[in-house]
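Enquirer:
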Ligand SMILES: [Fe+2]
Ligand SMILES: [Fe+2]
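In the working numbering, the protein residues as written are 30 to 269.
1) I'd like to know whether the C-beta atoms of residue 65 and residue 107 end up nearer to each other than 8 Å.
2) Just the Cα atoms here: how many angstroms apart are residue 247 and residue 155?
3) Please state whether DSSP places residue 134 in a helix, a strand or coil.
4) Can the beta-carbon of residue 132 be found closer than 8 Å to that of residue 75?
5) Should residue 228 and residue 44 be called a contact, given that it needs their Cβ atoms to be closer than 8 Å?
6) In the region 165-232, which residue ranges form an unbroken alpha helix (DSSP H) of at least 4 residues, counting only runs that do not cross its ends?
7) Using 10 angstroms around the beta-carbon of residue 204, count the other beta-carbons present and answer buried if the total reaches 16, otherwise exposed.
8) Please report how far the alpha carbon of residue 112 lies from the alpha carbon of residue 105, in whole angstroms.
9) Should the region 184-196 be regarded as contacting the region 127-145, the criterion being three or more beta carbon pairs within less than 8 Å?
10) Who are the near neighbours of residue 257 in its chain, counting only those whose CB is closer than 8 Å to its CB and skipping five residues on each side?
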């Protein structure tokens, strides 16, 4: 376990107060807000909205619509905060800043979508958890607001994967999707010697190292895939 670095600044309670914060702190906050704004939007566009058409029945479509609505909502909230702290609008869209590689997976089936919610939204929960005590309170509050929805998305993935695994054919399709999607996820937590992560911890913006988060993720993913679904988690490559 990594020691939690004490925040080197008093908590910053409003977006307006951020202007008076040290440059390194402001840059770090802008990086996180920009990244969430871009990736929540891109994920909704390439995974959640197209999944409505893949959902096999009206009940599944209804819940998938809710997931898509909430993911677009996350973008809207982060973008609004971004505007308040002076991030140019163009930088908060996938055309202005490159989205994360986890979205490069070409979604084609309902099983793949359920696995993405099971595992990628678990990864997102870990990221949001790390912001729950963030020294910049508008970001901490956004994380607290977003968390119940991310938990719902991960639960959605768990419930539908469980249902799919009731038949042998379904189990094979879920396992196949895990085999192809899971290897993209460990890199989502960033490099082991990330300079950004060091700055985030220095200022009390984030709590944990990328490696701590990755290890926690692997443990929680293994519990879901192996203990709960009784499937196999592929070997994870160590990060650089
Ligand atoms: Fe989200
Ligand atoms: Fe989500």
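Glycine included, every Cβ here is placed at the ideal spot set by N, Cα and C.
Expert: Taking the structure as given:
1) Contact: yes.
2) Distance between the alpha carbons of residue 247 and residue 155: 11 Å.
3) Correct three-state label for residue 134: coil.
4) Taking 8 Å as the cut-off, the beta carbon of residue 132 is found closer than this to the beta carbon of residue 75.
5) No, Cβ-Cβ distance for residue 228 and residue 44 is not below 8 Å.
6) Whole alpha helix (DSSP H) segments, 4+ residues: 166-193, 197-210, 224-231.
7) Note on residue 204: 16 or more other CB atoms within 10 angstroms of its CB, so buried under the neighbour-count rule.
8) Straight across, the Cα-Cα distance linking residue 112 with residue 105 is about 10 Å.
9) Verdict: yes, contact present.
10) The answer, listed in chain order, is 187, 191.
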